[in-house]
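Numbering (UniProt numbering), first residue to last: 5 to 547. Glycine residues also receive a C-beta, built at the ideal position from the N, C-alpha and C atoms. Report on the following structure.
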Amino acid sequence: MFCFQCEQTAKGTGCTIQGVCGKTAEIANMQDLLIYQLKGIANYAVRLKDLGQTLEPSLIEFIEDSLFMTLTNVNFDPKDHLSQLRKSQEIKEELKIRFNGELMNPEATYTLSDTYEEIMEDTTRARIFFDEDLDEDIRSVREVIKLGLKGISAYAHQARFLEYENEEVTDFVLEALDKLTDNALTLEENIALLLRTGEASYKVMETLDRANNETYEAPTPHKVNVNVKKGPFIVISGHDLRDLEMLLQQTEGKGVNVYTHGEMIPSHGYGGLKKYPHLVGNYGGAWQNQQKEFSNLPGCILMTTNCLMRPMKSYDDRIWSTNVVGWDGIRHVPKKEDGTKDFSELIEKALELGGFPEDEPVKEILVGFGHKTTLGLSDKILDAVKDGKISHFFVIGGCDGAKPDRDYYTRFALATPKDSIILTLACGKYRFNKLDFGEVAGFPRVLDVGQCNDSYSAIRIAAGLAEKLGVTVNDLPLSLIITWYEQKAVADLLALLFVGVKGIRLGPTLPAFVTPNVLKFLQDNYDLKPIKTPEEDLAEIFA
Ligand code: SF4
Ligand code: SF3
Numbered sequence: 005m006f007c008f009q010c011e012q013t014a015k016g017t018g019c020t021i022q023g024v025c026g027k028t029a030e031i032a033n034m035q036d037l038l039i040y041q042l043k044g045i046a047n048y049a050v051r052l053k054d055l056g057q058t059l060e061p062s063l064i065e066f067i068e069d070s071l072f073m074t075l076t077n078v079n080f081d082p083k084d085h086l087s088q089l090r091k092s093q094e095i096k097e098e099l100k101i102r103f104n105g106e107l108m109n110p111e112a113t114y115t116l117s118d119t120y121e122e123i124m125e126d127t128t129r130a131r132i133f134f135d136e137d138l139d140e141d142i143r144s145v146r147e148v149i150k151l152g153l154k155g156i157s158a159y160a161h162q163a164r165f166l167e168y169e170n171e172e173v174t175d176f177v178l179e180a181l182d183k184l185t186d187n188a189l190t191l192e193e194n195i196a197l198l199l200r201t202g203e204a205s206y207k208v209m210e211t212l213d214r215a216n217n218e219t220y221e222a223p224t225p226h227k228v229n230v231n232v233k234k235g236p237f238i239v240i241s242g243h244d245l246r247d248l249e250m251l252l253q254q255t256e257g258k259g260v261n262v263y264t265h266g267e268m269i270p271s272h273g274y275g276g277l278k279k280y281p282h283l284v285g286n287y288g289g290a291w292q293n294q295q296k297e298f299s300n301l302p303g304c305i306l307m308t309t310n311c312l313m314r315p316m317k318s319y320d321d322r323i324w325s326t327n328v329v330g331w332d333g334i335r336h337v338p339k340k341e342d343g344t345k346d347f348s349e350l351i352e353k354a355l356e357l358g359g360f361p362e363d364e365p366v367k368e369i370l371v372g373f374g375h376k377t378t379l380g381l382s383d384k385i386l387d388a389v390k391d392g393k394i395s396h397f398f399v400i401g402g403c404d405g406a407k408p409d410r411d412y413y414t415r416f417a418l419a420t421p422k423d424s425i426i427l428t429l430a431c432g433k434y435r436f437n438k439l440d441f442g443e444v445a446g447f448p449r450v451l452d453v454g455q456c457n458d459s460y461s462a463i464r465i466a467a468g469l470a471e472k473l474g475v476t477v478n479d480l481p482l483s484l485i486i487t488w489y490e491q492k493a494v495a496d497l498l499a500l501l502f503v504g505v506k507g508i509r510l511g512p513t514l515p516a517f518v519t520p521n522v523l524k525f526l527q528d529n530y531d532l533k534p535i536k537t538p539e540e541d542l543a544e545i546f547a
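Given below as structure tokens:
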């Protein structure tokens with residue numbers, strides 16, 4: 005196996021024996037072959053579209069789900085991968101027949117073998133370094149595009165569940181997969197494709213923002229209890245608001261409380277979700293603490309998207325996956341034909357487990373500062389800037405992770421000037437969101453903008469403030485301190501580059517899939533910087 009798609013990759017270069025995330029070589033290899041197959045499918049699909057043929061929504065969903073499955077900490081189940089591989093061949097065969105001909109590139113001509121052993125042997129052809137003659141910078145740009153497509157597909161999957169789709173993005177995903185097989189493309193052409201991946205990422209987040217805001221009302225400030233209440237409960241983790249809504253509907257009146265976990269915490273800001281009184285709070289912190297936090301939990305857990313870690317014996321009888329998430333041996337809640345899900349098994353188990361024995365004292369933190377709410381305050385915020393009461397804005401956000409050097413983000417947030425505002429998003433916020441930062445000019449100093457996909461919201465906020473001041477985003481007293489871990493963060497970063505944001509500080513380490521030349525391109529054109537120490541970075545920001 006070889007995988008270097010996430011920030012915790014072994015030795016900072018690549019996982020080769022077993023993933024640090026728990027991914028086995030078997031899964032990693034099948035994921036390579038699945039993506040290889042998606043490229044072959046896209047080869048045919050793009051040409052059929054060019055001929056004026058319409059593609060079935062099921063084909064698009066298959067591509068989205070497959071890419072999402074291969075994102076870090078999503079699916080660890082060999083059965084799911086094998087079944088997806090077999091489906092990929094069926095789809096490719098159908099497209100070949102419709103195309104009435106055969107394309108000659110290896111991804112298009114390859115036919116999935118019959119037996120498991122043969123399939124595993126075939127996976128070598130799909131490895132990242134299979135084509136030894138490929139220019140290393142082109143390989144690197146292709147990897148960034150591929151990983152960006154994974155993030156885009158995760159967001160598109162979430163939007164689709166709410167019946168929203170951005171067809172331009174769908175077309176781009178197919179086009180990009182097809183172009184990833186085109187060895188005639190120059191480095192410059194691949195870079196152009198990379199920048200368009202950022203555009204697609206921005207657009208899919210815009211669609212998901214619309215889906216969430218129109219379905220559940222735009223978030224408004226809301227206090228969330230981060231301590232527990234007495235009684236039976238279910239903890240819901242991941243990003244999928246529709247799953248949370250269905251869970252709240254099915255637990256209504258049953259005496260089962262619902263807690264958000266990880267990236268689900270911003271749900272408390274949405275009117276259509278916070279109206280349920282049994283959505284009582286948030287349990288725990290970011291994903292990397294789940295094995296400790298879920299251990300012997302007297303309630304159930306539902307994982308709707310990333311990040312899933314190996315379920316421990318102490319709770320593997322009370323955790324369920326849904327959507328494309330999976331772990332061999334862990335129970336899964338499927339989507340029914342009508343799009344609904346049946347959570348009754350979890351509800352019964354939660355009642356049987358009995359829940360927390362006592363109320364803990366209430367401790368509340370604020371969420372709900374999406375672009376609508378924050379821009380609604382923009383006149384007051386800008387008055388405070390003009391009066392010299394607010395000196396600077398920071399966006400400190402992105403993924404969290406297990407490495408100890410991630411305490412940079414806590415230390416950075418604590419070291420920011422007392423007259424600055426911190427906009428935060430994604431699970432990296434757990435590094436500091438329960439600390440008391442107080443207020444500045446009547447505003448809370450930390451504004452929770454939402455999940456990782458809400459980096460769209462952060463862009464809207466920055467653009468809205470810049471517009472009112474008649475300047476560009478890069479002229480604002482604003483610094484972006486971004487933390488990455490998985491491939492949604494790659495998509496988010498590309499979206500930020502697409503809108504022209506410069507001077508992003510990225511950490512805790514730089515991606516292993518970026519070559520020195522590609523990094524130089526990003527530094528020269530976007531002033532992308534690795535983080536140093538909070539003291540050094542703050543000194544540079546205010547120099
Ligand atoms: Fe390693 Fe990350 Fe790939 Fe897992 S996802 S195998 S930790 S690089
Ligand atoms: Fe976190 Fe996994 Fe990326 Fe949505 S939940 S940000 S790491």
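Sequence-distant Cβ neighbours of S157 in its own chain, meaning closer than 6 Å and more than five residues away, are E68, L71, F72. Check the Cα spacing between L510 and each of Y120, V337, K536: the tightest is with K536.
Fully enclosed alpha helix (DSSP H) runs of no fewer than 4 residues occupy 61 to 73, 82 to 103 of the segment 32 to 106, in order along the chain. Of the candidates I240, L277, D244, the residue whose Cα lies closest to the Cα of T264 is I240. Residue pairing by DSSP puts R509 in a beta bridge opposite I485, K533. When the five nearest sequence neighbours on each side are left out, the beta carbons in the same chain lying within less than 7 Å of the beta carbon of K207 are those of N170, E172, V173, in order along the chain. Closer than 7 Å to some heavy atom of ligand 1: that does not describe the Cβ of V328. When DSSP reads this structure, Y263 sits in a beta bridge with V239, G285. Relative to ligand 1, A14 has its C-beta within less than 7 Å of a heavy atom. Annotation: G275 to Q253 spans about 14 Å, alpha carbon to alpha carbon. One alpha carbon belongs to M268, the other to L138, and they sit about 41 Å apart. In the pairwise beta carbon analysis, the segment 370 to 384 is classified as touching the segment 460 to 470: at least three pairs are separated by under 8 Å.
Under the DSSP definition of a beta bridge, H272 lacks any partner. Annotation for V208: the continuous alpha helix (DSSP H) segment containing it runs 191 to 220. DSSP places F502 within a helical segment (H, G or I) once states are collapsed to three. DSSP places L370 in the strand class (E or B) of the three-state scheme. DSSP places T113 within a helical segment (H, G or I) once states are collapsed to three. By the Cβ criterion, the segment 499 to 517 is in contact with the segment 526 to 534, since at least three pairs of Cβ atoms, one from each stretch, lie closer than 8 Å. Looking at the DSSP output, H336 sits in a beta bridge with S325.
Contact between L283 and V262 holds, since their C-beta atoms are separated by about 5 Å, short of 8 Å.
Judged by DSSP secondary structure, D479 falls outside any beta strand (DSSP E); it is assigned neither H nor E. Residue G16 holds the alpha-carbon nearest to the alpha-carbon of T519 among M5, G16, Q12.
Using a Cβ distance threshold of 8 Å, P512 and E147 do not count as a contacting pair. In the structure shown, N229 adopts extended strand secondary structure according to DSSP, grouped into three states. In this structure, DSSP gives L181 a helical state, which the three-state scheme calls helix. The Cβ-Cβ distance between S92 and Q41 falls below 8 Å. A430 places its beta carbon 8 Å or farther from that of G474.
Pairing N521 with E349, the inter-Cα distance amounts to about 53 Å. Straight across, the Cα-Cα distance linking P448 with N216 is about 24 Å.
Cα atoms of A406 and Q292: separation of roughly 6 Å, rounded to the nearest angstrom. For the 8 Å CB-CB criterion, L212 and A163 form a contact.
If only complete runs of 4 or more residues are kept, the segment 410 to 498 shows the alpha helix (DSSP H) at 411 to 419, 459 to 473, in order along the chain. Counting every other CB atom within 10 Å of its CB across the protein chains shown gives R410 a total of 16 or more, marking it as buried. Annotation: A419 to F441 spans about 11 Å, alpha carbon to alpha carbon.
When beta bridges are read from the DSSP output, V518 appears opposite no residue.
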